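Notes for the one structure printed next.
There are 2 protein chains.
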Amino acid sequence: MLNNNVKQQLRDAVGERYFKDDKESLVTHSYDGTPMLQVLPDGIVYPKNTAEVSAVMKILNLHQIPLVSRGSGTNLCGGTVPVQGGIVMVMHRMNAILEVDLLNLTATVQPGIITKQFIEHIEGLGLFYPPDPSSMSISTIGGNIAECSGGLRGLKYGTTKDYVLGLEAVLASGEVIRTGGKLMKDVAGYDLTKLLVGSEGTLAVITEATLKLIPPPKYKKTMLAMFTDLYDAARTVSKIIENRIIPATLEFMDNPTIKVVDDYAKLGLPLDMAAILLIEQDGEPEMVERDIELISAICREENASQISVANNQEEALKLLTARRSAFTALARLRPTTILEDATVPRSKIADMVLEINRIAEKYNVQICTFGHAGDGNLHPTATTDARDTEEIHRVEEAFAEIFEAAIRLGGTITGEHGVGLVKAPYLEWKIGAAGIEVMKGIKQAFDPLNILNPGKMFAKETRRRVVLERG
Amino acid sequence: MLNNNVKQQLRDAVGERYFKDDKESLVTHSYDGTPMLQVLPDGIVYPKNTAEVSAVMKILNLHQIPLVSRGSGTNLCGGTVPVQGGIVMVMHRMNAILEVDLLNLTATVQPGIITKQFIEHIEGLGLFYPPDPSSMSISTIGGNIAECSGGLRGLKYGTTKDYVLGLEAVLASGEVIRTGGKLMKDVAGYDLTKLLVGSEGTLAVITEATLKLIPPPKYKKTMLAMFTDLYDAARTVSKIIENRIIPATLEFMDNPTIKVVDDYAKLGLPLDMAAILLIEQDGEPEMVERDIELISAICREENASQISVANNQEEALKLLTARRSAFTALARLRPTTILEDATVPRSKIADMVLEINRIAEKYNVQICTFGHAGDGNLHPTATTDARDTEEIHRVEEAFAEIFEAAIRLGGTITGEHGVGLVKAPYLEWKIGAAGIEVMKGIKQAFDPLNILNPGKMFAKETRRRVVLERG
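Taken in order, these protein sequences are the chains called A and B.
Basically the numbering used here = 1-based index in the first sequence + 68.
Basically the numbering used here = 1-based index in the second sequence + 68.
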């Protein structure tokens, strides 16, 4: 609850128009992209620059009021739900591209810029910013940094972390720090830049980022390989990497995903396939042609029943856009869609798909699986109904068992969506009790009063891990 | 000072033979690659596995005895000098390559393996591990991780940080944590992996690392471009990048460096050149040929007076080896060699070289400059004599001014050598007082008793920064 004094201070800090506490604004900022989670904040602020962010933080720090900073709130881990109330800070007004430095191949941006707008601007200058989360037409660079977003190009090009060279951030105290810079190398102290990337708004509010740009690939080629056996497709993924080919994109869709994506995007995909791989290679033309040929040969060896190479970039873009729409397409099936991102070493993709299907059957729930197979990052997606508490319970049990399977296969509970609220009870499974203690110490160093996105990442209680003995 | 009880506990932990406190062993481990720094430890331990490291840490933690973990001690920042005495832990017995996983393209190693041996092993399997610090024939992977070592291939391939996927580490308490894994994506909590890389032994003892391997480039070509004007050479560096060419290697040597390197390696280099650029490109043959041609054209435009392309890999290797020997070669000039690594945005290389030469003249000291020009990481190297305190004072003043210039140009005090003892008084110049406080909080979270490499990174007093007004 905010008293009138605090409200007035916040109005003074950001301007009358940019503090809101009407019911509609509060409701609008009470949820994010994650189903079944909603808590009302006490107020919303829309700062326009770092000085305003700092002024707001000083007020909140003084009164020990929680702050959730966010962009478009597309995250899928409940990361921006204001579970302890307080203030939601929306970064959309801070959306400038401050500089594109063509000598150093860097861009310096404010956090509120929409990722796709940024990418298009950069591509217009003949440069390339690879991280491309499926949410990119809505999500912001600041949100991508907070979650360390991945995307379809992660296999070859890495994720957001690999492109953040420097940050400006406002600490819980309101103090401003600057980390890194337009520097390809910097070992002056602990790497605060990489620590802030993926810290989910729990350590600081990011107010500016210097990003690495790279020369764009000269040429690309996209292909589909279709399989009547799911495990042939999964094995093909491993075999491509084993053959020392790193495609730009190597995506997997199972049969239910194929059906909904095709229905949504009208691609004329064969609906009787157990799995489809969507593969793109980019780079020098000779290399691309050679790799696509080698990949086709591997697909044939692994019993692909159909292989088709896109005839042109338009056709390729259609395929990629269709894959990006998988979540949206699946969301039409039933009222509630829960998308997870258990991740395993890429050699374990076949095992993991097998496990997911076994678990879905065991709990009698609908789980479709698609994802970034090339980097082992799968998105098992449950289509369910939040109103059916008994079914939701089965879905939750199924996901707990899926996380357990991922850990058992040498993987992790989240590859690119973050911990937030949803995965917090499972974090200890991945990093152990000593790891949790260290992370809590880091949180304490940045945010001693626990006002930055409180209640996230660290759960009150870790879920008991039931390790199954596999027969 | 260790009492007999502690000594006996340490002997019990690692075995009689692997605890030493004879004078010779203590002296041998009292210094590292940094000149003019020496402090005797109280004992040396040589653990053979993680359990022994943990057992030793538990003893030291109980008695609050400092620990410095190290590999070969080649670092150049005083990072492994045991300034507060205590125990030096040498990791050389933990030198196994535990696994090379050809399906996931990862290697899992113990920290004590010599980098070059590891690289050769990997290359023998047809794979590639890019980080190649000039010390690599002596230094260890564990040391490279502690310092986040760079090398000649950093421009295109990144540094050690970009290749560490997972770690096992022993905390100050003796507890063992595991971070990351054979995973291209993992956002389960704060990124402890990247935080530990470059943490200079102040946060934990690294006992195992999972490293990313990549397919090797198919082809390479190496060339030299020679300039009679230093600034033409520096400008060429910027212009290559500006033209969207990212060479694998883009190294700079000034005239005094050329002379000593040629004398050392007998290459027949023209000794009247102001600067030489050593450039290597790798990748697809067509791209390499095209890039080398474009780079040659840029060099000619910028008045290169001579350009020579290596005729074969043997010739190329000779050039690269010569460049790697620059430090050793310079060390023959005078009794004491102080090598620094101020780093700037790559567009500022010409300005930085100008500043270094102006500062050397101002203080009447000999500074030769070479380094990884492509990533803005220069190694201004003073040849001096530790016994001449007056001259050493001038050298120190000159370096302080060089660091100040680097910061002023948007750079950093260290690109790849670390902070250690030597740069600690300057760290605040780069990251500010609030940044130092956050870093100290992180240190506290990992090592509350301050027993892991104490006295490093954080100085008792920050050096006063004299910001020059440039006319």
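Even glycine gets a Cβ: it sits at the ideal position worked out from N, Cα and C.
Keep in mind that this is a model prediction, so the values were computed, not measured.
(request) On a CA-only basis, which of 119(B), 93(B), 459(B) is nearest residue 109(B)? Give me that one, please. (result) Position 41 of the second sequence holds residue 109(B). Closest by alpha carbon: 93(B).
(message) Can you pull the chain B neighbours of residue 125(A), defined as C-beta to C-beta under 7 Å?
(response) In the first sequence, residue 125(A) corresponds to position 57, counting from 1. Those within 7 Å of residue 125(A) in chain B number zero; the least Cβ separation is about 12 Å.
(request) Confirm, please, whether the CB-CB distance from residue 324(A) to residue 348(A) is below 8 Å. (result) Mapped onto the first sequence, residue 348(A) falls at position 280. Mapped onto the first sequence, residue 324(A) falls at position 256. In this structure, the beta-carbon distance from residue 348(A) to residue 324(A) does not fall below 8 Å.
(message) Just to make sure I have the definition right: I need the residues of chain B whose C-beta is within less than 8 Å of the C-beta of residue 514(A). Which are they?
(response) Counted from its first residue, the first sequence places residue 514(A) at position 446. Close partners of residue 514(A) in chain B (Cβ separation under 8 Å): 506, 509.
(message) Check for me: the beta strand (DSSP E) holding residue 132(B) runs from which residue to which?
(response) For this step, residue 132(B) is matched to residue 64 along the second sequence. From DSSP, residue 132(B) is part of no beta strand (DSSP E); its letter is neither H nor E.
(message) With a threshold of 8 Å between beta carbons, is residue 483(A) in contact with chain B?
(response) In the first sequence, the residue the question calls residue 483(A) occupies position 415. Taking 8 Å as the threshold, the shortest C-beta distance from residue 483(A) to chain B falls below it.
(request) Could you tell me which of 498(B), 328(B), 486(B) sits nearest to residue 540(B), measuring between CA atoms? (result) Residue numbering for chain B in the displayed model covers 69 to 539; residue 540(B) lies beyond these limits and cannot be assessed.
(request) Mind checking who residue 189(A) pairs with in its DSSP beta bridge? (result) Within the first sequence, residue 189(A) is the residue found at index 121, counting from 1. Partner(s): none; residue 189(A) has no beta bridge.
(message) Which residue marks the beginning of the beta strand (DSSP E) containing residue 411(B), and which one marks its end?
(response) Position 343 of the second sequence, counting from 1, holds the residue named residue 411(B). Segment: none, residue 411(B) is in no beta strand (DSSP E) and carries neither H nor E.
(message) With a threshold of 7 Å on Cβ separation, who are the neighbours of residue 453(B) within its own chain once the five nearest residues in sequence on each side are excluded?
(response) Here residue 453(B) is taken as the residue at index 385 of the second sequence, counted from 1. Cβ within range, chain order: 402, 403, 404, 459.
(request) Note down, in chain order, every chain B residue with its Cβ under 9 Å from the Cβ of residue 98(A). (result) Stepping through the first sequence from its first residue, residue 98(A) is reached at position 30. Correct list: empty, because the minimum Cβ distance to chain B is about 24 Å.
(message) Just to make sure I have the definition right: I need the residues of chain A whose C-beta is within less than 8 Å of the C-beta of residue 445(B). Which are they?
(response) Taking the second sequence and counting its residues from 1, the one referred to as residue 445(B) is at position 377. Here the neighbours are 252, 253.
(message) Report the CB separation of residue 82(A) from residue 273(A) in whole angstroms; it is logged as a contact under 8 Å.
(response) Along the first sequence, one-based indexing puts residue 82(A) at 14. Along the first sequence, one-based indexing puts residue 273(A) at 205. Rounded, the Cβ-Cβ distance is 13 Å, inconsistent with contact.
(message) Here's the rule: buried if 16 or more other CB atoms are within 10 angstroms of the residue's CB, otherwise exposed. What is residue 178(A)?
(response) Position 110 of the first sequence, counted from the first residue, corresponds to residue 178(A). With 16 or more Cβ atoms within 10 Å of its Cβ, residue 178(A) is classed as buried.
(request) Pick helix, strand or coil for residue 341(A), following the three-state DSSP scheme. (result) Reading the first sequence from its first residue, position 273 is the one you call residue 341(A). Looking at residue 341(A) - three-state DSSP - the assignment turns out to be coil, as it is neither helix nor strand.
(request) In angstroms with no decimal places, state the Cα-to-Cα distance between residue 555(B) and residue 152(A). (result) Absent from the structure is residue 555(B), since the part of chain B shown begins at 69 and ends at 539.
(message) Rounded to the nearest angstrom, what separates residue 281(B) and residue 301(A) at their Cα positions?
(response) As a working note, residue 281(B) is residue 213 in the second sequence. As a working note, residue 301(A) is residue 233 in the first sequence. Approximately 24 Å between the Cα atoms of the pair.
(message) Which residues does DSSP list as the beta-bridge partners of residue 485(B)?
(response) As a position in the second sequence, residue 485(B) is number 417, starting the count at 1. DSSP, once it has assigned bridges, lists no residue as partnering residue 485(B).
(request) Could you tell me whether the stretch 294-312 of chain A touches the stretch 201-208 of chain A, using the rule of 3 or more Cβ pairs below 8 Å? (result) The stretch 294-312 of chain A, when compared against the stretch 201-208 of chain A, does not touch it at the 8 Å Cβ threshold.
(message) Let's see if you can read the secondary structure: which residues bound the beta strand (DSSP E) around residue 280(B)?
(response) Counted from its first residue, the second sequence places residue 280(B) at position 212. Per DSSP, residue 280(B) belongs to the beta strand (DSSP E) from 273-280.
(request) Consider the Cβ of residue 259(B): report whether some Cβ of chain A lies at a distance smaller than 8 Å. (result) In the second sequence, the residue the question calls residue 259(B) occupies position 191. Yes, its Cβ sits closer than 8 Å to a Cβ of chain A.
(message) Can you tell me whether residue 151(B) is helix, strand or coil according to DSSP?
(response) As a first step, residue 151(B) must be located in the second sequence, where it is residue number 83. Of the three classes helix, strand and coil, the one that applies to residue 151(B) here is coil, per DSSP.
(request) Find the nearest neighbour of residue 266(B) within the set 218(B), 250(B), 246(B), 366(B), judged by alpha-carbon distance. (result) As a first step, residue 266(B) must be located in the second sequence, where it is residue number 198. When the alpha-carbon of residue 266(B) is set against those of 218(B), 250(B), 246(B), 366(B), the nearest one is in 218(B).
(request) Step through the CB atoms of chain B and report whether any lies within less than 8 Å of the CB of residue 216(A). (result) Stepping through the first sequence from its first residue, residue 216(A) is reached at position 148. Interface criterion met: the Cβ of residue 216(A) is under 8 Å from a Cβ in chain B.
(message) Taking 6 Å as the limit between beta carbons, can you name the residues of its chain near residue 370(B), skipping five residues before and five after?
(response) In the second sequence, residue 370(B) corresponds to position 302, counting from 1. In its chain, beyond the 5 residues on either side, 300, 303, 304 have a beta carbon closer than 6 Å to the beta carbon of residue 370(B).
(request) Within the same chain, show all residues whose beta-carbon is closer than 7 Å to that of residue 539(B), passing over the 5 residues directly before and after it, in chain order. (result) Counting from one through the second sequence, the residue named residue 539(B) turns up at place 471. Unreliable positioning characterises residue 539(B) in this predicted model, as indicated by a pLDDT of 39, which lies under 50. The coordinate reading is nonetheless provided below. Beyond the five residues adjoining it in sequence on each side, residue 539(B) comes within less than 7 Å, by CB distance, of no other residue in the same chain.
(request) Pick out whichever of 271(A), 344(A), 335(A), 288(A) has its Cα sitting closest to the Cα of residue 294(A). (result) On the first sequence, position 226 is the one that residue 294(A) refers to. Nearest option by C-alpha distance: 344(A).
(request) Just grab the DSSP bridge partners of residue 493(A) for me. (result) Sequence index remark: in the first sequence, residue 493(A) carries index 425 (1-based). Residue pairing from DSSP leaves residue 493(A) without any beta-bridge partner.
(message) Taking only three categories from DSSP, how would you classify residue 270(B)?
(response) The residue labelled residue 270(B) in the question sits at position 202 within the second sequence. Taken through DSSP and simplified to helix, strand or coil, residue 270(B) comes out as coil.
(request) Identify whether residue 530(A) lies in helix, strand or coil by the three-state DSSP scheme. (result) Mapped onto the first sequence, residue 530(A) falls at position 462. In this structure, residue 530(A) counts as coil in the three-state DSSP scheme.
(request) Say whether the stretch 131-144 of chain B touches the stretch 97-108 of chain B, bearing in mind that this needs 3 or more beta-carbon pairs closer than 8 Å, one atom from each stretch. (result) Three or more pairs of CB atoms, one per stretch, sit closer than 8 Å, so the stretch 131-144 of chain B contacts the stretch 97-108 of chain B.
(message) Looking at the secondary structure, which residues open and close the alpha helix (DSSP H) in which residue 436(A) lies?
(response) Translated into positions along the first sequence, residue 436(A) becomes position 368. Residue 436(A) -> not in any alpha helix (DSSP H); beta strand (DSSP E) instead, spanning 435-440.
(request) Identify every residue that forms a DSSP beta bridge with residue 445(A). (result) Stepping through the first sequence from its first residue, residue 445(A) is reached at position 377. Answer is 411(A), 440(A).
(message) Out of 185(A), 312(A), 193(A), 160(A), which one is the CA nearest neighbour of residue 171(A)?
(response) Indexing the first sequence from 1 puts residue 171(A) at position 103. Ranking 185(A), 312(A), 193(A), 160(A) by Cα distance to residue 171(A) puts 193(A) first.
(request) Give me whichever residues DSSP pairs with residue 349(B) in a beta bridge. (result) Stepping through the second sequence from its first residue, residue 349(B) is reached at position 281. Residue pairing from DSSP places residue 349(B) in a beta bridge opposite 289(B).
(request) Compare the C-alpha of residue 481(B) against each of 461(B), 447(B), 513(B) and name the closest. (result) By 1-based counting over the second sequence, the position of residue 481(B) is 413. If we check each option's Cα against that of residue 481(B), 447(B) comes out closest.
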